[in-house]
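See below for the structure under consideration.
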């Protein structure tokens, strides 16, 4: 049985092909269009997953959309009516998109795939999130917590999963939302909403939570974790371009200007900013206020999630927890829930945001609607496109670059380790593209974590991103307790997917400074031979040479771009950055001599998947 799951129209559009309850392929639209967080209908992703499964659209058994558009339209209308006339400009702008696309999802699916309308199903947004976690987990029974900005009406839900059924216990409804609270502060701190939330999380350790009491003036947190936000401070219910009101600014001061250099007295003036201005201390103090605000909203977010988790445990008595929704990507909060909460084990699906809703919708249909038994556990996140050696060679030859071909994997690993030991930064491109926002060793930039300067080098010269942003360590799983004080978190599934932040052991801070954040923490990825043998061998070989089986790992992309998908994408990023070595399949490219002009990103060839296409 083949089921296609689809999510789109708000951010991170994706498609998933499920065959007999097991994913065949999962992909985000951004991977093919090269438009980060592409929200449009995922035609390219759909065609890829169908091609990967060798099936035509008209031959699918079911297609499942991850939410209910008409209920979302209802919420938009009710919000407009309750905030009119302030809401009219935003409604006038939004209605164009709704009338053009969002209300007619079913018709578009029919046109593209040639499938009968009675084979198209619609799940609920937060039910799709819940299914994406529980039905991918190893648990037969678990409590479930979902939280994001907003679905149709729900912004957070509590529930229980048992075998093939998910039961709702409670929900939080728009406009009261932990995700929108965090996004409001994201906008206030000068970052793009739905893109910059993780930047707030990275900024927070530079500050102290001095504004926690002020943030609690915006909300009322109940003992059961339910949340009420004072809308006198927020503009998002009626505005499409402003998250907060003037009263918010009176409480927290003027918002941070986007693109403003970030540094504090604690960090000092980074040399790569150029000559230090005479008033740098004043600017540092101004930045400190923003860092303190970031630390405060992070703390309050953790408090809210912890309250929800404790109440959920009181209601269910279950020892295992599944989490999903965009808020579940907050790895600092996840670790605190495990550390301070009542649950013994947590599972978080690696694409916990809206993209993962496509998978959840398909799994919900297969297990709950159709009643098929469970047989899948998401042990890894490698579900996207892969490229054959002949395809990689052809891309290198088209680009006109010099390359070496390693005769075998052992030689490839040895040469890569040599480059890392010599202080070079390596683009690493192997196997199938990761599913979700984290690069997990298939489309990664790698470097030596022992070098204190490597963090700045990779941030500024290669990633072209904010210098305060931390990097993750990929560590051989059995060696993780030697370097990180994560307790039970290290051995659980989220650690595979870079979804926990844990303290670096004091004895290891000086050994891996490039992956130790300013607060002494690190967002780890544990790697095992069972699920990623080549990457595991690379890390172990590096450990044999250094005594440190850890590599710095960050996503293979430049600021503002998606993670690379194809060989052409990798070459384009390689030559537009300060990367020094590219290891792509069995081929090694070094920047020596003439550098080719910018290699254009790929325009992926997509074959027709429907008789009607």
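In the numbering used here, the protein residues as written are -4 to 608. Glycine is no exception: its CB is placed at the ideal position from the N, C-alpha and C atoms.
Pairwise C-beta distances place the region 307 to 315 in contact with the region 155 to 164, as three or more of them are shorter than 8 Å. Two segments are said to touch when three or more pairs of C-beta atoms, one from each, lie closer than 8 Å; by this definition the region 173 to 193 does not touch the region 273 to 281. Pairing residue 451 with residue 512, the inter-Cα distance amounts to about 12 Å. Nearest to residue 244 by alpha-carbon distance, out of 209, 235, 168, is 209. Rounded to whole angstroms, the separation of the alpha carbons of residue 482 and residue 416 is 30 Å. DSSP lists no beta-bridge partner residue for residue 359. Collapsing the DSSP output to three states places residue 189 in coil.
For residue 434 and residue 114, the gap between their C-alpha atoms comes out near 35 Å. Residue state for residue 55 is assigned as coil, using DSSP reduced to three classes. The bridge partners DSSP lists for residue 215 are 223. Excluding the 5 residues flanking it on each side, residue 431 has same chain C-beta neighbours closer than 6 Å at 345, 346, 376, in chain order. Annotation for residue 329: the continuous alpha helix (DSSP H) segment containing it runs 326 to 335. Rounded to the nearest whole angstrom, the C-alpha separation of residue 300 and residue 420 is 38 Å. Contact between the region 572 to 583 and the region 442 to 450 is absent, with fewer than three C-beta pairs closer than 8 Å. In the same chain as residue 256, and ignoring 5 residues on each side of it, the C-beta atoms closer than 7 Å to its own belong to 268, in chain order. Here the region 62 to 81 makes contact with the region 139 to 151; the two share three or more CB pairs at distances below 8 Å. By the Cβ test, the region 169 to 185 is in contact with the region 291 to 299, since at least three Cβ pairs between them sit closer than 8 Å. Judged by DSSP secondary structure, residue 496 falls within the beta strand (DSSP E) whose first and last residues are 496 to 498. Bounds of any alpha helix (DSSP H) do not take in residue 268, whose DSSP letter is neither H nor E. Rounded to the nearest whole angstrom, the C-alpha separation of residue 476 and residue 143 is 32 Å. In this structure residue 324 is not in contact with residue 0, their Cβ atoms being roughly 19 Å apart against a cut-off of 8 Å. When the five nearest sequence neighbours on each side are left out, the beta carbons in the same chain lying within less than 6 Å of the beta carbon of residue 400 are those of 581, 582, in order along the chain. For residue -1, the pairing in a beta bridge is given by DSSP as 12, 58. Rounded to the nearest angstrom, the gap between the Cα atoms of residue 97 and residue 546 is 43 Å.
For residue 127, the enclosing alpha helix (DSSP H) covers residues 120 to 129. Distance from residue 251 to residue 184 at the Cβ level is roughly 5 Å; contact confirmed, criterion being Cβ atoms closer than 8 Å. By the neighbour-count definition (other C-beta atoms within 10 Å, threshold 16), residue 468 is a buried residue.
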